[in-house]
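Novice: Sequential numbering of the sequence shown, starting at 212, is according to the working numbering.
Just so it is clear, CB atoms sit at the ideal spot from N, CA and C, and this is done for glycine as well.
Because the structure is a prediction, the values reported are computed rather than measured.
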Amino acid sequence: MARLVPLMPLPPTEPSSRCSLCGFVGCDIRAIGCGCLFHSRCFRLTTGAVPIKKCPRCSKDIKSLHLIPMSFREIDEARQHARLKLPLEKKRKAGSNQESSSITQETRNGRWTNEETLYVQELMKNFENGSLPLKNGTKLSTFLADMLQCKHSRLTKKMKNAKLSMRSFRRTTGFVANVKAFSQLEDNFFRSIVNDFVRAEVKFNMQKEWREYFCSFCAEINQPIEASDWLSSVEEIERRGSLAKDAAKHARRKLMMGYGGQSDGQVQEPKEKPSILGNSAQAISQPPSSGMQPTPNTSGDQDHEFVSLFTDKSLFQDNNDETGKKHAVSVLSAHGWNKMSPFLDKVLEYIRTNNTPFEYVEIWAPVRSGDQSDLRVCFAGHVVNPILLETGHTEEFNNLVSFGNYSQKFSFFPGSGLPGRIFQTHTPTWDQSIHNGKIRLRFYS
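1. Which of the three DSSP states, helix, strand or coil, is assigned to Gly-244?
2. Would you give the residue range spanned by the alpha helix (DSSP H) that Leu-232 belongs to?
3. Taking just the CA atoms, how far does Cys-589 sit from Ile-436?
4. Could you give the residue range of the alpha helix (DSSP H) that holds Val-261?
5. Using a 10 Å radius around the Cβ and a threshold of 16 neighbouring Cβ atoms, would you call Gln-332 buried or exposed?
6. In or out: Ile-243 buried (at least 16 other Cβ within 10 Å) or exposed?
7. Look at the alpha carbon of Phe-614 and the alpha carbon of Arg-464, and state the distance between them as a whole number of angstroms.
8. With distances taken Cα to Cα, identify the nearest neighbour of His-593 among Tyr-571, Pro-577, Gly-603.
9. Quick one: using the 10 Å Cβ neighbour count with 16 as the cut-off for buried, is Gly-385 buried or exposed?
10. What does DSSP give as the partner residue(s) for Ser-275 in the beta ladder?
11. Classify Val-558 as helix, strand or coil using the three-state DSSP reduction.
12. Under 8 Å, do Ser-231 and Leu-248 count as touching if we go by C-beta distance?
13. Can you name the start and end residues of the beta strand (DSSP E) that Val-413 belongs to?
14. Counting pairs of Cβ atoms below 8 Å between the segment 282 to 295 and the segment 403 to 417, do you hit three or more?
15. Pick out the complete alpha helix (DSSP H) segments inside the segment 352 to 388, 4 residues or longer, and give them in chain order.
16. Going by the CB atoms, is the gap between Phe-338 and Leu-329 shorter than 8 Å?
17. Once DSSP output is grouped into helix, strand and coil, what is the label at Thr-567?
18. Measuring straight from C-alpha to C-alpha, what distance separates Ser-251 and Phe-425?
19. Using a Cβ-Cβ cut-off of 8 Å (strictly less than) and excluding sequence neighbours within five positions of Phe-608, which residues of its own chain qualify?
20. Bridge partners of Phe-249, per DSSP?
21. To which residues of the same chain is Asn-320 closer than 8 Å at the C-beta, ignoring the five residues directly before and after it?
22. Can you have a look at Asn-389 and say buried or exposed, based on whether 16 or more other CB atoms are within 10 angstroms of its CB?
23. If you reduce the DSSP assignment to three classes, tell me which class Arg-255 lands in.
24. Excluding the five sequence neighbours on either side, which residues of its own chain have a C-beta within less than 6 Å of the C-beta of Thr-349, listed in chain order?
25. Run the CB neighbour count on Arg-410, radius 10 Å, all protein chains shown included, and call it buried at 16 or more, exposed below.
26. Note down the Cα distance separating Lys-371 from Thr-640, rounded to an integer number of angstroms.
27. Please list the terminal residues of the continuous alpha helix (DSSP H) segment that includes Ile-633.
28. Could you compute how far the alpha carbon of Asn-347 sits from the alpha carbon of Gln-291?
29. Pull up the DSSP beta-bridge partners for Val-595, would you.
30. From Met-358 to Lys-369, what does the alpha carbon distance come to, in whole angstroms?
31. Which of the three DSSP states, helix, strand or coil, is assigned to Lys-350?
32. Does Arg-268 come out as helix, strand or coil in the three-state DSSP assignment?
33. Can you give me the Cβ contacts of Asp-407 inside the same chain, cut-off strictly under 7 Å, excluding the 5 residues immediately before and after it?
34. Per DSSP, which one or two residues make a beta bridge with Arg-579?
35. Excluding sequence positions up to five away, which residues of its chain have a Cβ less than 7 Å from the Cβ of Ser-443?
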């Protein structure tokens, strides 16, 4: 069902940026020679006049076509305004038309407005007539989803019997006949979007899609076009997208860390960095996502080899020897942080030699700082299995490295948190499918 909403005013735009044929803003190409600006859908470019020599507006000579790069001004201003409005929008009722959650949405959803319905009908009519600058064979469902920045399911729900995925483009003219009516419907659609940032985002995405389709169209008909500035703006879009994705991951990880700290107990900043591991330390590992389990080890020699990594009898003596523990803690405080690296190398060597299915290991060690009664379990280093890089899982490898670096900020009292509990009980633990269980500080997302 379509709904009517009041049309919102658009930001002022310089007259010089308006299309020479339809008079609306958001031009995609510039004719080098005469300087006229056009939308890609308005520009009369046919296969019989390639390469084009005359401007369709002023009939002057054209040297080449220049694809205009994307402008981030409007979307950046809308984002700043959205951040200022966000605290006020949160205080409003859930039924408010201002959808603050859409600020971070990658795709649009929700009800169709009457303006959007009319604009989509015009797009489909020109698609069927072959009067759009598209490559032959373009699917209608893909074209509409790209233009409207929505999923295919939103289209099929609205047009159940349209068979969008079965309809392909066959070019006739390659440009819209009634350019003013088409651009007016597009402008009405933009104005019908109430949220300022969503409106700017939809306009930005639609301009990007028109220019990408026009590039493919020019390549198909062998029309030269200067697109170096456009490609630079595309790289900036990808860079911003990557930064936004990383920021969202760090925010999620920070949120999970906060929940884990509240669940497991008090979290303290480490005052001193440990250096050498003993039998009180813990290696926390993450099994691979493929569901592999550690292979049971029936060899006593291999068991002794692994245990020896965490046992230094010259420092810790016996497990129940209090004198040995105190001596170990004093030695930890006396050595430097760089002494930890050889031990982590041995852990990694053991994992790779015995084909142990672990991707990530953390070391935690007891440290006394200040008052001798103030004993804490502090982060003592981490290592990521390079098999992830060798198998092409670069993003997962980088995420685990970042997770280990973030863990340096935490320490635990004995009995608090997973490291503190294992240190206090001297009992190993195995947590399976922790993403389905209780949220803890060691939870990794």
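Specialist: Walking through what the data contain:
1. coil
2. It is not in any alpha helix (DSSP H) - Leu-232 carries neither H nor E in the DSSP assignment.
3. 60 Å
4. Careful: Val-261 lies outside any alpha helix (DSSP H) and carries neither H nor E.
5. exposed
6. exposed
7. Their Cα atoms are separated by approximately 8 Å.
8. Closest by alpha carbon: Tyr-571.
9. With a threshold of 16 other beta carbon atoms within 10 Å, Gly-385 meets it and is buried.
10. Ile-243
11. helix
12. yes
13. From DSSP, Val-413 is part of no beta strand (DSSP E) but of the alpha helix (DSSP H) over 407 to 432.
14. yes
15. Listed in chain order, they are 363 to 369.
16. Not closer than 8 Å, so no.
17. coil
18. Between Ser-251 and Phe-425, the C-alpha separation is close to 6 Å.
19. Val-595, Pro-597, Leu-599, Leu-600
20. Partner(s): Ile-240.
21. Cys-361, Lys-362, Arg-365
22. exposed
23. Here DSSP, grouped into helix, strand and coil, assigns Arg-255 to coil.
24. Phe-380
25. buried
26. Computed Cα separation, rounded: 53 Å.
27. 628 to 636
28. 40 Å
29. In the DSSP output, where bridge partners are listed per residue, Val-595 has Tyr-571.
30. 16 Å
31. strand
32. coil
33. Ala-289, His-292, Ala-293
34. Leu-586
35. Pro-280
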